[in-house]
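Enquirer: Chains as they are written, first to last, in the working numbering: chain A, 1 to 493; chain B, 494 to 986; chain C, 987 to 1150; chain D, 1151 to 1314.
Built from N, CA and C at the ideal position, the CB exists for glycine as well.
Pasting in a structure now, in structure tokens, and then I'll have a few things to ask.
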């Protein structure tokens, strides 16, 4: 096994990897940008190195330079840009440093998403229908023509990169070019590649994911399936495993196809093969994500397997620790992303200091986070700051616990999406397990919550008003606290 | 099932019960003393009732009066005094309110600990050797004579109550009467009964516990075993399951005996049958604890069964949800009690405001607590404020995770035993799993920790000194901050 | 004693609050003629309220800094409070001051002092958490002041510019 | 610049600290002639220090309010610091002031003003977390003042009595 591993990331995924390294007794080094000195991944590491580059965590050259200088055996890039950077993977391989990932060749292949679909389709597997090629954002006429051929609705996706960033749904021709522009500029920012492609989509459908482990010795196993249909701007918000309501026959068919795809591209380590599942039971291969995902926590809760540990073992050349028969998929798990944002205000990001923080607890509840009371959610990074996952022997038990844990989770000082997550967890379609990617959060945000207790809230509001008036008077002239915030902002979607 | 349950306790066990009630969709009412208004069990409950009695949480009459007034179906007393109060249990039964517990008759029986041992012995089971009867604290001559007959070392135990409180080890005759006095006064304070009894003990030995579930229909199952040998003043500090190093044959023999005892006294609900295990493999029945315990979290981690839920189901008259074959004991779990106390200062209690609080996370780590950053650990109650438990597929994996989670757990504002717990988790005997009740923490506290980093700590101490000097100057005259605390206190043991 | 008109979502309540907490920590509040005993975790500022107890009913809650909403376990309720005695409603919009709606970094400045702007015209871009947020002019007028420059980090509610 | 003699457990270190944090947030510290770069989470008070970074080595830590010990992940180290320049060591014991070593409730008062006490004699019982803690006289003398009464709740470090 590795003796020394460098974590090339920050936030909760860096903390997550540090934890597993420590659990394994592996020396763990981390990186930090100047403003991130006291961040949790630094506090918990064995060694911490300052990144001097202005590109910070995104500077693959400096990351590799540090790795060479301090002689680590391996680099774990988590998810995000560095984890999907074939050039970086190849440079590490040439330097004799293992990169936790599928290997540079497989990475290059699966990142060419249009090419992957073509190959998978050539193997006789049903796939989603992509455009014939990728497009630059200025190829308006070609895009409009291609979209007309594919038909609407369709997805605009970044050609590079497997993250939700840059993926947008287009329902009507009028939205196409505006969406392409947004998608392309996000892709440019995240992947340094402004090309996009189009993909035909059938609505309603479901988004089914199959996590896979593969080693250097040709062994591949699945860890069940997940349902990731509930998304916001195509980023998954809530996820559950197993995907509800699938027949065992369909489930096993999907697993089989996923294994076939993973084997086809020799995707080592942990990966996810993702499918669109239509209402008639047709499942179409969509893409391969060749890295750890936020959503893997659901799988960890079902299997009790530490997936980051398996990544390290596999990268070190060990054969899989589990056969397919060893993997026991017990019970049900649900996960959500907790973000510093205000869903009632067009998802306005809300960085800032955490003044109050209380995690839910009890049996079969887990929260992974990089924040704590008194810590800061920085302005510069992603709004995801915690992942909540719960387990139950049955879906019903799991759902009740999910609802309870969400109610218990208290964060003060920044706005969060916890209020919305609570509503999703209580929504009739989610409770019944019959939702699709058309699951709408809009009605949740617009309808006032049911409450027999408005009278009580009025009493509390009155006390808050009096307290505020008292506190506010000495410091701020009234005129200064009024008016400005109404309609004074608009967000780019 | 019950529609409405009253929780008659506070702190982490009250929070724990509230969580399960919410998971089950049962309306949960709680009680609070005036100073406990914002306590977590109150914040998370559906209804909260102020206790006006000066005896607060210990006033069984007021608890029952509230229960009747608000018409609950059941009362969950957690652990502690109210849970071991046969008069309370009987009064509830007469009022038609279910009490989560073994039933008043079984409770009365098992609380007579000398009587229980006699009955168990009569059934042909090897037991510890108690004194022939209980004694008042003033029966000095009789106690000395009885102790001489039993031989030393021996335990002094409270006649009533199953908690660690009031239990003390006596190694030599000279210590006997002083220990009896302390034990008796603790027993008086906790159980309103100052009688004690003596029990012969073989050293070294181990303390093995078998958790049991039993229903109203005569079904009894075990949930494995635990090792509770590491104790402080006979309160368990660290616990693990399964007990390390037992042969499967011995393990199953102990389970069988435990079941036999539980059946003998018709102990419904969750209970624990406890044994002293000697080095030659002789195991002696010691006592029955007829209630949920702090240590049940270890069992929950192995079995993934919510034990509080099973308590409620059983009390509602349901048959057990599990057969013995359904219970899967997978992997290994370790637990510790995290207390607000200073082990380096004779376990001085340390109530106060929590200024910093960060829980460990990652896969298979669980913390149950009633505190959070900004909350108060009150002066009036027990020093236990959190329970940490971790799970691993093997003991080694579990141990590594236990060590890591302990290192990660950060509490500021009060003193805690976390530093000591980290040392226990790294102690050679614990790591090897070959410890007994003679496991000593004293050498851990006296030896300075190993460190190649003293130089670094010196640098930090220098900065702290400078910061302190700067900060202290304007507010406090130097003379005032010095000297007084040295040797100015001594603790009753 | 205070007399307030409190609107929660679309329901109006007349609320009277008298005096200080009693020995148990409750404050007497009368809502639409009904007497309630209310305790809250902080009487200082709305955003410090984390829980409340109304008679025997506990609430976990988050209250907006500007008291525009209250969030309980079930979701977010809009709030409006009017002091019936002061007879002064909360001032309505129309002010030309721009403050930062979130902390962030000024990634583009689209106006200069003295420039004429239309209502709704983008004036600044504020970057936070990998997203750009357009700040638009709340009214037509002239840029009277501009207090930030490109690349500057601003905190929540920081005064950015004024249009008058 | 400060020159200090720092003793950690039984090992002595000569420590020089110069100036303010640099642009990266590190302070230059020389320990036994060796240069280190040190960052700590708070420069205000010892008990606010939660982490430190020494060169590339991160530490989670808790530092005693009175700087008598530092606790790192591995355990608790005793600390003594002497300012070599001020040439004033930390005052040693001998003071007759009694302060509360923990918060608690005065459960027994065993002395009265003017009474003669011996060193080591119990003077007060302080109850906390269901345990009684005996407070004993740090020296022989006369009870000069007694600032608490039976049943009183005292906070940490509260002045209880003085023996002189």
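1. Report the three-state DSSP secondary structure of residue 1095(C) (helix, strand or coil).
2. Take residue 495(A) and list the residues in its own chain whose beta-carbon comes closer than 6 Å to its own, dropping the five residues that flank it on each side.
3. Do you know whose CA, among 314(A), 368(A), 411(A) and 382(A), lies nearest residue 353(A)'s CA?
4. In chain C, which residues lie less than 8 Å from residue 351(A) when you measure between Cβ atoms?
5. Are the C-beta atoms of residue 1174(D) and some chain A residue less than 8 Å apart?
6. Against chain D, with Cβ distances strictly below 8 Å, would residue 837(B) count as a contact?
7. Mapping DSSP to helix, strand and coil, what is residue 889(B)?
8. For a test of the three-state rule: what should DSSP assign to residue 845(B), helix, strand or coil?
9. Here's a check: name, in chain order, each residue in its chain whose Cβ is nearer than 6 Å to the Cβ of residue 526(B), leaving out the five neighbours to either side.
10. Taking only the alpha-carbon atoms, compute the straight-line gap between residue 916(B) and residue 378(A) and give it to the nearest angstrom.
11. Given that a residue counts as buried once 16 or more other Cβ atoms are within 10 Å of its Cβ, and exposed if not, what is residue 438(A)?
12. What would DSSP say about residue 503(B), mapped onto helix, strand or coil?
13. Distance, Cα to Cα, residue 39(A) vs residue 1214(D)?
14. Between the stretch 109–136 of chain A and chain B, which residues of the former have a C-beta closer than 8 Å to a C-beta of the latter?
15. Is there a Cβ from chain B that is less than 8 Å from the Cβ of residue 1046(C)?
16. If we define contact as Cβ-Cβ less than 8 Å, is residue 538(B) a contact residue for chain C?
17. Taking 8 Å as the cut-off, decide whether the C-beta atoms of residue 8(A) and residue 28(A) are in contact.
18. With burial defined as no fewer than 16 other Cβ atoms inside 10 Å of the residue's Cβ, what is the status of residue 547(B): buried or exposed?
19. So, do the stretch 944–955 of chain B and the stretch 1159–1170 of chain D have three or more beta carbon pairs nearer to each other than 8 Å?
20. Ignore the nearest five residues each way along the sequence and tell me which others in residue 800(B)'s own chain have a CB closer than 6 Å to its CB.
21. So which of 754(B), 712(B) and 858(B) has the shortest CA-CA distance to residue 390(A)?
22. Got a sec? Which residues, its chain only, sit under 8 Å from residue 1262(D) by beta carbon, not counting five neighbours each side?
23. Under three-state DSSP, which class holds residue 959(B)?
24. To the nearest angstrom, how far is it from the Cα of residue 608(B) to the Cα of residue 602(B)?
25. Could one say the Cβ of residue 8(A) lies closer than 8 Å to chain D's Cβ atoms, at least one of them?
26. Would residue 313(A) and residue 1206(D) be called neighbours here (beta carbons separated by less than 8 Å)?
27. Between the Cα of residue 1189(D) and the Cα atoms of 1312(D), 1181(D) and 1171(D), which residue gives the shortest distance?
28. Got a sec: is the Cβ-Cβ distance from residue 687(B) to anything in chain A below 8 Å?
29. Would you tell me roughly how many angstroms separate the C-alpha atoms of residue 219(A) and residue 824(B), rounded to the nearest one?
30. Our contact map puts residue 559(B) next to residue 499(B) with C-beta atoms below 8 Å; I'd like the distance itself, whole angstroms only.
31. Between residue 1094(C) and the rest of its own chain, which residues show a CB-CB distance below 6 Å, the 5 nearest in sequence each way excluded?
32. Pick out whichever of 1102(C), 1087(C) and 1018(C) has its Cα sitting closest to the Cα of residue 1120(C).
33. For residue 64(A) and residue 15(A), what's the separation of their Cα atoms in angstroms?
34. Tell me, to the nearest whole angstrom, how far the beta carbon of residue 665(B) is from that of residue 690(B); I am working on the premise that it is less than 8 Å.
35. Name the two residues that bound the continuous alpha helix (DSSP H) containing residue 255(A).
36. On a CA-only basis, which of 1020(C), 1047(C), 1021(C) and 1039(C) is nearest residue 1032(C)? Give me that one, please.
Expert: Concretely, from the data shown:
1. Residue 1095(C): strand per DSSP, three-state reduction.
2. The structure shown does not extend to residue 495(A), since chain A is modelled only from 1 to 493, so the question has no answer here.
3. 411(A)
4. Chain C residues near residue 351(A): 1088, 1089, 1090, 1114 and 1115.
5. yes
6. yes
7. Residue 889(B): helix per DSSP, three-state reduction.
8. strand
9. 544 and 549
10. 35 Å
11. exposed
12. coil
13. Taking the straight line from one Cα to the other gives about 23 Å.
14. none
15. yes
16. yes
17. no
18. Exposed, because fewer than 16 other Cβ atoms sit within 10 Å of the Cβ of residue 547(B).
19. Contact between the stretch 944–955 of chain B and the stretch 1159–1170 of chain D is present, because at least three Cβ pairs lie under 8 Å.
20. 763, 789 and 793
21. 858(B)
22. 1293 and 1296
23. helix
24. 8 Å
25. no
26. no
27. 1171(D)
28. no
29. Looking at the two C-alpha atoms, the distance is approximately 25 Å.
30. Distance from residue 559(B) to residue 499(B) at the Cβ level is roughly 7 Å; contact confirmed, criterion being Cβ atoms closer than 8 Å.
31. 1111
32. 1087(C)
33. 20 Å
34. Their Cβ separation, rounded to whole angstroms, is 19 Å, which puts residue 665(B) and residue 690(B) out of contact at 8 Å.
35. 248–264
36. 1047(C)
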